[in-house]
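Enquirer:
There are 4 protein chains.
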Amino acid sequence: MEHNASTLLISCPDRPGIVAEVAGLLLEHRANIVHADQHVDREEGLFLQRIEFTLPPDGAIEGVEEDFAGIAAGFEMAWKLRTRERPTRVAILTSHETHCLADLLSRWDIGEMEPARLMFVASNHPDHGTLVGHHGIPFHHVPVAGDDPSAHSAAIRELADDHEVDLLILARYMQIVPPSTVEVYRNRIINIHHSFLPAFAGARPYHQAHARGVKLIGATAHYVTSQLDEGPIIAQDVLRVSHRDGIDELKQKGRDLEKVVLARAVRLHLDDRILTYGNRTAVLD
Amino acid sequence: MEHNASTLLISCPDRPGIVAEVAGLLLEHRANIVHADQHVDREEGLFLQRIEFTLPPDGAIEGVEEDFAGIAAGFEMAWKLRTRERPTRVAILTSHETHCLADLLSRWDIGEMEPARLMFVASNHPDHGTLVGHHGIPFHHVPVAGDDPSAHSAAIRELADDHEVDLLILARYMQIVPPSTVEVYRNRIINIHHSFLPAFAGARPYHQAHARGVKLIGATAHYVTSQLDEGPIIAQDVLRVSHRDGIDELKQKGRDLEKVVLARAVRLHLDDRILTYGNRTAVLD
Amino acid sequence: MEHNASTLLISCPDRPGIVAEVAGLLLEHRANIVHADQHVDREEGLFLQRIEFTLPPDGAIEGVEEDFAGIAAGFEMAWKLRTRERPTRVAILTSHETHCLADLLSRWDIGEMEPARLMFVASNHPDHGTLVGHHGIPFHHVPVAGDDPSAHSAAIRELADDHEVDLLILARYMQIVPPSTVEVYRNRIINIHHSFLPAFAGARPYHQAHARGVKLIGATAHYVTSQLDEGPIIAQDVLRVSHRDGIDELKQKGRDLEKVVLARAVRLHLDDRILTYGNRTAVLD
Amino acid sequence: MEHNASTLLISCPDRPGIVAEVAGLLLEHRANIVHADQHVDREEGLFLQRIEFTLPPDGAIEGVEEDFAGIAAGFEMAWKLRTRERPTRVAILTSHETHCLADLLSRWDIGEMEPARLMFVASNHPDHGTLVGHHGIPFHHVPVAGDDPSAHSAAIRELADDHEVDLLILARYMQIVPPSTVEVYRNRIINIHHSFLPAFAGARPYHQAHARGVKLIGATAHYVTSQLDEGPIIAQDVLRVSHRDGIDELKQKGRDLEKVVLARAVRLHLDDRILTYGNRTAVLD
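Residue numbers (our numbering), protein chains in the order written: chain A, 1 to 285; chain B, 1001 to 1285; chain C, 2001 to 2285; chain D, 3001 to 3285.
(1) For the stretch 1171-1201 of chain B, which residues have a beta carbon sitting closer than 7 Å to at least one beta carbon of chain D?
(2) Taking the alpha-carbon positions, what's the I190 (chain A) to H3134 (chain D) distance?
(3) Alpha carbons only, please: which of A:D245, A:P178, A:L168 and A:A211 is nearest the one belonging to A221 (chain A)?
(4) In three-state terms, what does DSSP make of R89 (chain A)?
(5) Which stretch, first to last residue, makes up the beta strand (DSSP E) that contains G136 (chain A)?
(6) Examine chain D for any beta-carbon lying closer than 8 Å to the beta-carbon of G1045 (chain B), and answer yes or no.
(7) With a CB to CB cut of under 6 Å and the five nearest residues on each side skipped, what residues in its chain are close to A2235 (chain C)?
(8) For the alpha helix (DSSP H) containing R3255 (chain D), name the first residue and the last one.
(9) Pair every Cβ in the stretch 3054-3064 of chain D with every Cβ in the stretch 2047-2061 of chain C, then say whether three or more of these pairs are closer than 8 Å.
(10) Should H1163 (chain B) and A1116 (chain B) be called a contact, given that it needs their Cβ atoms to be closer than 8 Å?
(11) Measure from the alpha carbon of V3165 (chain D) to the alpha carbon of each residue in D:D3041, D:L3270, D:E3028 and D:I3071, then state which is nearest.
(12) To which residues of the same chain is G2045 (chain C) closer than 8 Å at the C-beta, ignoring the five residues directly before and after it?
(13) Quick check for students: name the residue ranges of the alpha helix (DSSP H) that lie wholly in the stretch 2161-2202 of chain C, counting only runs of 4 or more.
(14) Please classify N1004 (chain B) as buried or exposed, where buried requires at least 16 other C-beta atoms within 10 Å of its C-beta.
(15) Please say whether A1122 (chain B) and L991 (chain B) have beta carbons closer to each other than 8 Å?
(16) Evaluate the contact criterion for the stretch 1175-1190 of chain B versus the stretch 1136-1156 of chain B: three or more CB pairs, one atom per stretch, below 8 Å.
(17) Nearest chain D C-beta to I1061 (chain B) closer than 8 Å, yes or no?
(18) Which residue marks the beginning of the alpha helix (DSSP H) containing R1015 (chain B), and which one marks its end?
(19) Going by beta-carbon coordinates alone, are L3170 (chain D) and L3093 (chain D) separated by less than 8 Å?
(20) Got a sec: is the Cβ-Cβ distance from T3281 (chain D) to anything in chain B below 8 Å?
(21) Any idea what DSSP makes of F2075 (chain C), helix, strand or coil?
(22) According to a CB-to-CB cut-off of less than 7 Å, which residues of the stretch 2024-2037 of chain C neighbour chain D?
(23) Report the three-state DSSP secondary structure of S150 (chain A) (helix, strand or coil).
(24) Is it the case that the Cβ atoms of S3006 (chain D) and M3077 (chain D) are separated by a distance below 8 Å?
(25) Does the Cβ of V1184 (chain B) have 16 or more other Cβ atoms within 10 Å, making it buried, or fewer, making it exposed?
(26) Quick one: is Q1049 (chain B) buried, meaning 16 or more other Cβ sit within 10 Å of its Cβ, or exposed?
(27) Let me check understanding here. Comparing Cα to Cα, which of A:F120, A:G111, A:A20 and A:I110 lies closest to F75 (chain A)?
(28) Is the separation between the beta-carbon of D1237 (chain B) and that of L1268 (chain B) shorter than 8 Å?
(29) For E2065 (chain C), which residues from the same chain have a beta carbon less than 8 Å from its beta carbon, with the 5 sequence-adjacent residues on both sides left out?
(30) Got a sec: is the Cβ-Cβ distance from V1260 (chain B) to anything in chain C below 8 Å?
(31) What are the boundary residues of the alpha helix (DSSP H) that includes Q1208 (chain B)?
(32) Which residues in chain C sit within 9 Å of S1095 (chain B), going by Cβ to Cβ distance?
(33) Identify the residues that DSSP records as bridge partners of I1156 (chain B): which are they?
(34) Flag G133 (chain A) as yes if its beta-carbon sits less than 8 Å from any beta-carbon of chain B, otherwise no.
(35) Residue range of the beta strand (DSSP E) that D285 (chain A) falls in?
(36) With 8 Å as the threshold, decide whether the Cβ of V3019 (chain D) is near any Cβ in chain C.
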């Protein structure tokens, strides 16, 4: 997307005149619409739109925001306006596996996730502290005490709240996120599941895939809901495998899928390209 | 796309206010915008838009068309408005190879290409007359006399003109289309080339691919221009191959690519999803 | 594969010396091994091999067969030797949907399935009689009487037995194959399921896929077992979809997958490239 | 592949009896063949084979090697026997771009490249010294003096020779490897080119791809020869793009392709799965 662009995400009950009204308002503010994508879900009677626009040098995004709030109320819109000046604040939660974490860190290193800011990485294991430190990112080791994850979960939540995190990335984080956190961070927690959901939901998907003898393995990035592995799907991809691939080969090949699919989903979120409705997403790319 | 929808394709120099103006006009006519996709090519300063809309039962597309012509002139728009009531008229040109032709015919059989009408099939060989006849489509055998294709080309052109053909599909048609026909049917002739263009342009691409030892073969559907294999690309796909595949295996596997990629490009054209600019396409799907 | 080649498929408990013994026997008969692929499943302790070989002009496949039977007994081999002189006999069962049937018929037309012979097509609906007739293949309309499919199933079975069919292709055949037929035609009935199994097993997979909001749809060709949609998977592929695709678009796009994946599985079977073990396949391509 | 397995790669003029002879020798040494793949290129009259085998605990690979040398001479074989005890020695050459380097380093971190040893990383720029140091790998900054790369090339060559490097990985290394080094390290230098070769060979492939308006971009890993971008292709993959992707987006998406394709090629090489013949590879996976 354009480096100096703002994005506007809209979802509301469909009715005539929305496009004209929104376009009219942007024109008033001398905005230039760089890219727009709009979709109506006829079954749900739902209007979905993403607009990417630039303002003239002397334009003020605050003015757009204020005026838009007026329109939005009339159309019962859920909406989100984001500008380059308010970068998304991100945190990564992880566990033993390191490939997704290492991949995300090196994307931040080369500026691929700009302007989003990576606030911290937290893990129930101390292993990755050194790696994260090398990238100049704060690392928090938050152990799980025995069988009771509640203290861990509370500490993670506190970290997220304290850092005013906008997006939580679960980079092979093997813990359950409690419903209260899911609720508050609704559509703001992205998980990577190492299968082509809904196939092989739950534990050990590569073992399941091997037992079933599938010819493709997959990975799925989705928003986390209180139903495990059931949240709205953001991105999926697959890779060809064969009878020659044992569990270890599936895991090895799968890692390439997982890290690429997770990163793709994170970028789509950071570019404000995802609208959720019902338990589905519209990816306006 | 919606069965009763109209589509509007627009391309023009970019400037503020286009979206608002078009949306305003559609609102006046009580049109409901089902889907809209808009893109600005910053390098070219070009605005591109596709709008799919429905009118209320008592609405009149002629009114929309008339009013729109006024706007269009002001914005220097190239535009196209199509309704379900004016189905696209299609002809297929072919030669010896039958897989693309057979595939297209069976798509027309099951209604996949509706509401487009298949007017005729013509070939420089008589072979496929029976097949085409079984599908209830007129077949014209237009031989090439010796080394001089000019009479053949003229006859094909006359057939196309007489049937007021909107789209010519080259389904493995091995003849050169003369510049005069290319000019008149600009962006209305779709060819399938059996390689991942620009790799292996020209003759015998599977032989070239085999000699080079590539690990993927491809197929490319493109609009025909006077530069052979150089026209704007509409759709491409690839398939994995290996050292075990000889020329015959490449041809066999390639056929599956060719027919699927050609059909995809034809559908995109029939749904008015393709805008060309420079030597490229924007596919607004 | 080579046009004059024979293929040998072997599966047996793994132990040292199998490769040397088989290679020695072929050498004695002056066979030239064109291609060989061998795999040991360590978990199952299973040896799997496919050999493609040619004999000299004065060689006799019967001699190979006889001698091989001796070796095979010693190693407890399940094996299959096929030559070009004994072409596979195939029948297609279908129902309303025509895309897989039409595609298979045109593949036979252009010689892609040679040397396999298509003996007949049977359907519970009369619709496709004309289409099949045009291709010069016998068509049998075998209706299902009310709710009781048993007479239909028995008639189909009789047709298959009478024609000494080696392979039954279920080309969107919506009937259940009774266990007795599944047993006799074990690993000789190929079905196409219009999802990426095991996701969306059962009825209406495109509706299921749409409801779940997946970003890829798939198709799966598998051998039929008495467990519905649970048989050994032969081939799978997927296609990218989005929120813009309604059920109709999913069906349309899915048809391209279904026909290509089914045809690929049939070719793998006809080339004797598939070994089943447990509920899985090794595809030795 | 099996953790304790040895691999044997063979290529020689095709003639009867090779398979039997090799299998017989392995049997004598009580080797168990875990996986074997064999291919005859009929056009070239070339026999190619890869065998993966294990020896019993008291077996000696030296004995196999010695005996095999005898057979090999008789059949005019080019061959390579590798065991887990002699790990491949690898070096990475790089320049400004960091994604391929960072990706390879993290693969070594998690053991994915075992048992291969990463000896050093060298670059014409000092930038990545810190990154490489964090992974505990020696880093050599070898600057290019003005327009004359010969001192740089000589120093790189000396480093490789001194460390007895078996494989050189060009991870977006933008320098030309001189013919003398190419000759000595024949089929032991792997480069990643950021296009689907042979399309867009040479400089700035993403600019070329953008100008041509392709719908897929690719990446190609190949062995380096003295002809730039013309060496034997090992692995290729592609990714879907659209008119919405500018040069920057192509680069960003392309990075995911480049690193995955390069790593795949390196793994294939390390597992001794690649045989080159003419200017092509047989990948026996």
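No residue lacks a Cβ here, since even glycine has one placed at the ideal position from N, Cα and C. Note that the structure is predicted; figures quoted are calculated from it, not measured.
Expert: By the coordinates alone:
(1) Within the stretch 1171-1201 of chain B, the residues whose Cβ lies closer than 7 Å to any Cβ of chain D are, in chain order, F1196, P1198 and A1199.
(2) In the first sequence, residue 190 (chain A) corresponds to position 190, counting from 1. In the fourth sequence, residue 3134 (chain D) corresponds to position 134, counting from 1. C-alpha of I190 (chain A) to C-alpha of H3134 (chain D): approximately 29 Å in a straight line.
(3) For this step, residue 221 (chain A) is matched to residue 221 along the first sequence. Checking every option, the nearest Cα to that of A221 (chain A) belongs to A:L168.
(4) Here residue 89 (chain A) refers to the residue found at position 89 of the first sequence. DSSP, read as helix, strand or coil, puts R89 (chain A) in strand.
(5) Here the question's residue 136 (chain A) lines up with position 136 in the first sequence. Where G136 (chain A) is concerned, there is no enclosing beta strand (DSSP E), given that its DSSP letter is neither H nor E.
(6) On the second sequence, residue 1045 (chain B) is found 45 positions in, with the first residue counted as 1. For G1045 (chain B), the nearest beta carbon of chain D is not closer than 8 Å to its own beta carbon.
(7) Counting from 1 along the third sequence, the entry for residue 2235 (chain C) is found at position 235. Once the five neighbours on either side are set aside, the close Cβ partners of A2235 (chain C) are A2221, V2261, R2264 and A2265.
(8) Residue numbering aside, residue 3255 (chain D) sits at position 255 when the fourth sequence is read from its first letter. For R3255 (chain D), the enclosing alpha helix (DSSP H) has its first and last residue at I3247 to L3270.
(9) Fewer than three pairs of CB atoms, one per stretch, sit closer than 8 Å, so the stretch 3054-3064 of chain D makes no contact with the stretch 2047-2061 of chain C.
(10) What you label residue 1163 (chain B) is simply residue 163 of the second sequence in a count that begins at 1. What you label residue 1116 (chain B) is simply residue 116 of the second sequence in a count that begins at 1. Contact annotation: H1163 (chain B) and A1116 (chain B) have beta-carbon atoms that are not nearer than 8 Å.
(11) By one-based count along the fourth sequence, residue 3165 (chain D) stands at place 165. Scanning D:D3041, D:L3270, D:E3028 and D:I3071 for the CA closest to the CA of V3165 (chain D) turns up D:L3270.
(12) Within the third sequence, residue 2045 (chain C) is the residue found at index 45, counting from 1. The residues P2013 and D2014, in chain order, have a CB closer than 8 Å to that of G2045 (chain C) in the same chain once the five nearest residues on each side in sequence are set aside.
(13) Qualifying alpha helix (DSSP H) stretches, in chain order: 2179-2184.
(14) Looking up residue 1004 (chain B) in the second sequence gives position 4. Around the Cβ of N1004 (chain B), a 10 Å sphere holds fewer than 16 other Cβ atoms; the residue is exposed.
(15) Any question about residue 991 (chain B) goes unanswered here, given that chain B covers just 1001 to 1285.
(16) Yes, they touch.
(17) The residue labelled residue 1061 (chain B) in the question sits at position 61 within the second sequence. By the rule that beta-carbons nearer than 8 Å mark a contact, I1061 (chain B) does not touch chain D.
(18) As a first step, residue 1015 (chain B) must be located in the second sequence, where it is residue number 15. It is not in any alpha helix (DSSP H) - R1015 (chain B) carries neither H nor E in the DSSP assignment.
(19) As a working note, residue 3170 (chain D) is residue 170 in the fourth sequence. As a working note, residue 3093 (chain D) is residue 93 in the fourth sequence. Result yes, Cβ atoms of L3170 (chain D) and L3093 (chain D) sit closer than 8 Å.
(20) Against the fourth sequence, residue 3281 (chain D) aligns to sequence position 281. Chain B contact via Cβ: present.
(21) Taking the third sequence and counting its residues from 1, one reaches residue 2075 (chain C) at position 75. Coil, per DSSP.
(22) The stretch 2024-2037 of chain C vs chain D, Cβ under 7 Å: G2024, L2027, R2030, N2032, I2033, V2034, H2035, A2036 and D2037.
(23) The count along the first sequence starts at 1 and reaches residue 150 (chain A) at position 150. Looking at S150 (chain A) - three-state DSSP - the assignment turns out to be helix.
(24) Numbered from 1 along the fourth sequence, position 6 holds the residue referred to as residue 3006 (chain D). Numbered from 1 along the fourth sequence, position 77 holds the residue referred to as residue 3077 (chain D). 8 Å or more divides the Cβ of S3006 (chain D) from the Cβ of M3077 (chain D).
(25) Translated into the one-based positions of the second sequence, residue 1184 (chain B) becomes position 184. V1184 (chain B) comes out exposed.
(26) The residue you call residue 1049 (chain B) lines up with position 49 of the second sequence. So Q1049 (chain B) counts as buried.
(27) Along the first sequence, read from residue 1 onward, the residue named residue 75 (chain A) stands at position 75. The shortest C-alpha separation from F75 (chain A) is found at A:A20.
(28) For the purposes of this step, residue 1237 (chain B) is taken as the residue at position 237 of the second sequence. For the purposes of this step, residue 1268 (chain B) is taken as the residue at position 268 of the second sequence. Their beta carbons are not under 8 Å apart, which means D1237 (chain B) does not touch L1268 (chain B) by this criterion.
(29) Taking the first residue of the third sequence as 1, we reach residue 2065 (chain C) at position 65. Cβ within range, chain order: L2081.
(30) The residue you call residue 1260 (chain B) lines up with position 260 of the second sequence. In terms of beta-carbon proximity, V1260 (chain B) lines the interface with chain C, with at least one pair separated by less than 8 Å.
(31) Translated into positions along the second sequence, residue 1208 (chain B) becomes position 208. Run containing Q1208 (chain B): P1205 to R1212, per the alpha helix (DSSP H) assignment.
(32) Here residue 1095 (chain B) refers to the residue found at position 95 of the second sequence. What S1095 (chain B) touches in chain C: nothing, since even the nearest Cβ is about 14 Å away.
(33) Position 156 of the second sequence, counted from the start, is the residue given in the question as residue 1156 (chain B). Beta-bridge analysis with DSSP links I1156 (chain B) to no other residue.
(34) Looking up residue 133 (chain A) in the first sequence gives position 133. Not an interface residue.
(35) Here the question's residue 285 (chain A) lines up with position 285 in the first sequence. Here D285 (chain A) belongs to no beta strand (DSSP E), and DSSP marks it neither H nor E.
(36) Mapped onto the fourth sequence, residue 3019 (chain D) falls at position 19. Cβ-Cβ to chain C under 8 Å: yes for V3019 (chain D).
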